[in-house]
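Novice:
Number of protein chains: 2
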Amino acid sequence: MPAGQPPPDESQLRVLVVDDDQNIADVLSMALRYEDFAVEQAANGQQALKGAEDFRPHIIILDVMLPDLDGFEVAKRLAERRAEIPILFLTARDTTDDKVRGLTLGGDDYVTKPFSVEEILARIRTILRRVGLAQDNGNHLSFADLELDDDTREVTRSGQLIELTDTEYRLLRYLMLHPRHVLTRAQILDHVWEYDFGGDARVLETYVSYLRKKLESHGPRVIHTVRGVGYALRMPRS
Amino acid sequence: MPAGQPPPDESQLRVLVVDDDQNIADVLSMALRYEDFAVEQAANGQQALKGAEDFRPHIIILDVMLPDLDGFEVAKRLAERRAEIPILFLTARDTTDDKVRGLTLGGDDYVTKPFSVEEILARIRTILRRVGLAQDNGNHLSFADLELDDDTREVTRSGQLIELTDTEYRLLRYLMLHPRHVLTRAQILDHVWEYDFGGDARVLETYVSYLRKKLESHGPRVIHTVRGVGYALRMPRS
DNA sequence: GGGAGTTCTCAGGAAACTCCCAGCTTCAGT
DNA sequence: ACTGAAGCTGGGAGTTTCCTGAGAACTCCC
Numbered sequence: 001m002p003a004g005q006p007p008p009d010e011s012q013l014r015v016l017v018v019d020d021d022q023n024i025a026d027v028l029s030m031a032l033r034y035e036d037f038a039v040e041q042a043a044n045g046q047q048a049l050k051g052a053e054d055f056r057p058h059i060i061i062l063d064v065m066l067p068d069l070d071g072f073e074v075a076k077r078l079a080e081r082r083a084e085i086p087i088l089f090l091t092a093r094d095t096t097d098d099k100v101r102g103l104t105l106g107g108d109d110y111v112t113k114p115f116s117v118e119e120i121l122a123r124i125r126t127i128l129r130r131v132g133l134a135q136d137n138g139n140h141l142s143f144a145d146l147e148l149d150d151d152t153r154e155v156t157r158s159g160q161l162i163e164l165t166d167t168e169y170r171l172l173r174y175l176m177l178h179p180r181h182v183l184t185r186a187q188i189l190d191h192v193w194e195y196d197f198g199g200d201a202r203v204l205e206t207y208v209s210y211l212r213k214k215l216e217s218h219g220p221r222v223i224h225t226v227r228g229v230g231y232a233l234r235m236p237r238s
Numbered sequence: 001m002p003a004g005q006p007p008p009d010e011s012q013l014r015v016l017v018v019d020d021d022q023n024i025a026d027v028l029s030m031a032l033r034y035e036d037f038a039v040e041q042a043a044n045g046q047q048a049l050k051g052a053e054d055f056r057p058h059i060i061i062l063d064v065m066l067p068d069l070d071g072f073e074v075a076k077r078l079a080e081r082r083a084e085i086p087i088l089f090l091t092a093r094d095t096t097d098d099k100v101r102g103l104t105l106g107g108d109d110y111v112t113k114p115f116s117v118e119e120i121l122a123r124i125r126t127i128l129r130r131v132g133l134a135q136d137n138g139n140h141l142s143f144a145d146l147e148l149d150d151d152t153r154e155v156t157r158s159g160q161l162i163e164l165t166d167t168e169y170r171l172l173r174y175l176m177l178h179p180r181h182v183l184t185r186a187q188i189l190d191h192v193w194e195y196d197f198g199g200d201a202r203v204l205e206t207y208v209s210y211l212r213k214k215l216e217s218h219g220p221r222v223i224h225t226v227r228g229v230g231y232a233l234r235m236p237r238s
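Printed below as a string of structure tokens:
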């Protein structure tokens with residue numbers, strides 16, 4: 001079954017991605033499908049309203065800047081229809097718009113562009129969990145003596161609290177999502193860094209170094225280098 | 001086997017190989033046909049798009065450098081058609097980190113030239129497994145007390161973890177794919193080493209030696225020499 | 001607009017890996 | 001048993017990959 005739409009699967013959660021930038025829409029769609037969401041796209045406000053009606057998404061990812069109606073207008077009309085679909089807004093970083101501020105009051109949320117894929121996924125999980133649709137029980141990851149809590153953003157190793165910066169946290173979280181698996185450099189950069197990151201891929205090594213320093217003061221090495229390939233989270237010994 | 005089309009067999013998975021270098025396309029085609037894929041070739045972007053339409057491949061191997069459209073353009077147009085065919089990109093080693101970024105999000109992947117045939121086959125298996133088309137039961141090989149896991153890249157012998165370098169791993173993996181079969185030196189070199197390897201064929205002996213040293217510290221000899229021919233993976237008679 | 005905290009760049013050096021070499025051992029056939 | 005061919009393995013050169021410290025650039029907050 002190579003072509004056409006994937007089969008409608010009622011067990012999947014539906015996400016409507018609304019962005020007029022086709023690249024961003026595609027990146028999000030691919031990542032979400034990979035996470036087993038059903039995804040549809042809309043490129044402007046009118047399509048978004050129609051898509052919300054037809055596709056009945058559980059959540060909408062909505063760019064604030066759209067060619068016709070802006071994101072807030074779309075949200076407003078949906079609210080008038082009593083659609084009650086949670087929305088994750090995408091905004092430009094410098095849009096210090098006060099409008100954005102009030103979003104989290106209504107249970108909606110926003111992410112600034114450029115974002116990393118893992119950041120979007122984390123917000124979506126948070127929102128879905130809040131409205132009771134989370135399919136995974138997972139605001140909490142653990143591996144060996146490592147614990148990571150998404151709600152409090154706390155990381156502990158054998159009970160000891162470890163302070164991590166944002167990037168360190170995202171990196172560790174991504175590794176803990178795939179324990180023992182070897183993750184390639186490309187995979188890690190794609191998921192943990194912002195989608196338009198164009199810099200030196202060696203940042204990754206720097207952050208691995210930071211993480212190791214913090215983690216290894218409380219126990220043996222857990223982030224292992226697989227030379228020529230990437231990194232893997234493992235406990236030492238057979 | 002350039003002449004005549006193989007008979008259409010609906011049970012086979014279809015691969016479209018897109019490369020303007022006829023040698024590379026042929027090497028890949030032969031290896032894939034041997035693995036029981038149905039294969040067609042395209043030498044440029046336009047042919048690739050046409051081939052995708054007519055042949056309806058389950059996966060496309062796509063060189064980034066093509067005489068007309070580049071590989072990314074081909075991928076983009078396929079995406080616009082909602083073709084949703086996974087793609088394995090081939091890129092030059094130094095092109096790696098720019099545009100290739102982002103590919104692993106959608107489940108696509110890339111391999112740098114020059115590659116080894118086994119590397120390509122491994123990536124294809126991974127991709128097909130992810131989209132639910134893998135006919136093989138997976139990521140795990142075992143032979144006697146040897147276990148090899150492709151996800152974690154871990155190799156154990158009777159439970160004991162064995163650390164292998166990349167080349168050692170690829171060599172052992174190839175042997176384990178054909179247990180008890182005598183594999184000729186040429187076969188092994190062709191599959192495990194990069195296709196443009198021009199060096200001394202005696203590297204193979206060196207690596208067999210490395211592998212034996214690591215494996216035999218945990219049990220009896222499993223890699224047996226077949227003098228004048230090659231090597232075979234066997235358990236000693238009991 | 002200064003300061004603290006964070007992210008990223010860069011470069012030197014360390015470590016790991018691949019491959020080649022050369023001398024030695026093993027084997028097959030006489 | 002002898003001999004040439006084939007295979008084995010320790011040593012090491014050359015290369016690639018990775019680690020890490022130092023500092024520049026950026027952001028956020030007061």
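Same order as they appear, the protein sequences are chains A and B.
With the first letter of the first sequence counted as 1, position 94 gets the number 94 in the numbering used here; the numbers rise by one all the way through.
With the first letter of the second sequence counted as 1, position 81 gets the number 81 in the numbering used here; the numbers rise by one all the way through.
The beta carbon of each residue, even a glycine, is placed where N, CA and C say it ideally should be.
Note that the structure is predicted; figures quoted are calculated from it, not measured.
(1) Short of 7 Å in beta carbon distance, which residues of its chain neighbour residue 28(B), apart from the five on each side in sequence? Order them along the chain.
(2) In terms of alpha-carbon separation, which member of 143(B), 182(B), 213(B) lies closest to residue 164(B)?
(3) So what does residue 63(B) bridge to, in DSSP terms?
(4) Please specify which runs of the beta strand (DSSP E), each continuous and at least 3 residues long, are wholly inside the region 37-62 of chain A, giving them in chain order.
(5) To the nearest angstrom, report how far apart residue 158(A) and residue 218(A) are at their CA atoms.
(6) By DSSP's criteria, residue 160(A) is part of a beta bridge. Which residues make up the other side?
(7) Applying a beta-carbon distance threshold of less than 8 Å, which residues of chain B neighbour residue 219(A)?
(8) Is the CB-CB distance between residue 175(B) and residue 231(B) below 9 Å?
(9) Can you confirm whether the region 143-160 of chain B touches the region 201-210 of chain B when touching is taken to mean that 3 or more C-beta pairs between the two stretches lie within less than 8 Å?
(10) Can you pull the chain A neighbours of residue 152(B), defined as C-beta to C-beta under 8 Å?
(11) Starting from residue 178(A), trace the alpha helix (DSSP H) in both directions and tell me its first and last residue.
(12) Rank 183(B), 193(B), 197(B) by C-alpha distance to the C-alpha of residue 228(B) and give the top, closest one.
(13) Which residues in chain B have a C-beta closer than 8 Å to the C-beta of residue 31(A)? List them in chain order.
(14) Consult DSSP for residue 71(A) and reduce its assignment to one of helix, strand or coil.
(15) What three-state label does DSSP hand residue 146(A) in the structure shown?
(16) State yes or no: is the beta carbon of residue 210(B) nearer than 9 Å to at least one beta carbon in chain A?
(17) Using a Cβ-Cβ distance cut-off of 9 Å, determine whether residue 191(A) contacts chain B.
(18) Relative to the alpha-carbon of residue 150(B), which residue among 131(B), 122(B), 132(B) has its alpha-carbon at the smallest distance?
(19) Just to make sure I have the definition right: I need the residues of chain B whose C-beta is within less than 8 Å of the C-beta of residue 227(A). Which are they?
(20) How many whole angstroms separate the CB atoms of residue 45(A) and residue 68(A), which I take to be in contact at a CB cut-off of 8 Å?
(21) Enumerate in chain order the residues of its own chain whose CB-to-CB distance from residue 236(B) is below 7 Å, with the five nearest sequence positions on each side excluded.
(22) By Cβ distance below 6 Å, which residues in the same chain neighbour residue 140(B) in space, the five residues on each side in sequence not counted?
(23) I want to verify the contact list: residues of chain B whose CB lies under 8 Å from the CB of residue 26(A), in sequence order.
(24) For the alpha helix (DSSP H) that contains residue 186(B), what are its first and last residues?
(25) Could you give the C-beta distance for residue 216(B) and residue 170(B), rounded to a whole number, given that I count them as a contact under 8 Å?
(26) Residue 179(B) and residue 128(B) - do their beta-carbons sit closer together than 9 Å?
(27) Got a sec: is the Cβ-Cβ distance from residue 169(A) to anything in chain B below 9 Å?
(28) Measure the CB-CB distance between residue 71(B) and residue 89(B) and report whether it falls below 9 Å.
(29) In chain order, what residues of the region 111-127 of chain A put their CB closer than 7 Å to some CB of chain B?
(30) Out of 234(A), 64(A), 52(A), 116(A), point me to the one whose CA is closest to residue 79(A)'s CA.
(31) What does a CB cutoff of less than 6 Å around residue 25(B) pick up in its chain, not counting 5 residues either side in sequence?
(32) Can you look up residue 223(A) in the DSSP assignment and give me helix, strand or coil?
(33) Give a yes or no on whether the minimum CB-CB distance between residue 51(B) and chain A is below 9 Å.
(34) What residues of chain B sit near residue 187(A), judged by a beta carbon separation below 7 Å?
(35) For the candidate residues 187(B), 116(B), 65(B), whose alpha-carbon lies nearest to that of residue 196(B)?
(36) Please confirm whether residue 100(B) has its beta-carbon closer than 9 Å to some beta-carbon of chain A.
Specialist: The short version:
(1) Closer than 7 Å at Cβ, skipping near neighbours: 17, 61, 120.
(2) 213(B)
(3) In DSSP, residue 63(B) forms a bridge with 90(B).
(4) Whole beta strand (DSSP E) segments, 3+ residues: 38-42.
(5) 8 Å
(6) Answer is 157(A).
(7) Simply none; closest approach about 18 Å.
(8) yes
(9) no
(10) 180, 181, 182, 232, 234
(11) From DSSP, residue 178(A) is part of no alpha helix (DSSP H); its letter is neither H nor E.
(12) 183(B)
(13) 105, 106
(14) helix
(15) Of the three classes helix, strand and coil, the one that applies to residue 146(A) here is strand, per DSSP.
(16) For residue 210(B), no Cβ of chain A is located within less than 9 Å of the residue's own Cβ.
(17) yes
(18) 122(B)
(19) 165, 166
(20) 5 Å
(21) 220, 221.
(22) 149
(23) 79, 106
(24) 185-192
(25) Contact flag wrong, Cβ pair sits at about 19 Å.
(26) no
(27) no
(28) yes
(29) Here the close residues are 117.
(30) Measuring from the Cα of residue 79(A), the nearest candidate turns out to be 52(A).
(31) 17, 19, 41
(32) strand
(33) Residue 51(B) does not count as touching chain A.
(34) 104
(35) 116(B)
(36) Yes, because at least one Cβ of chain A sits closer than 9 Å to the Cβ of residue 100(B).
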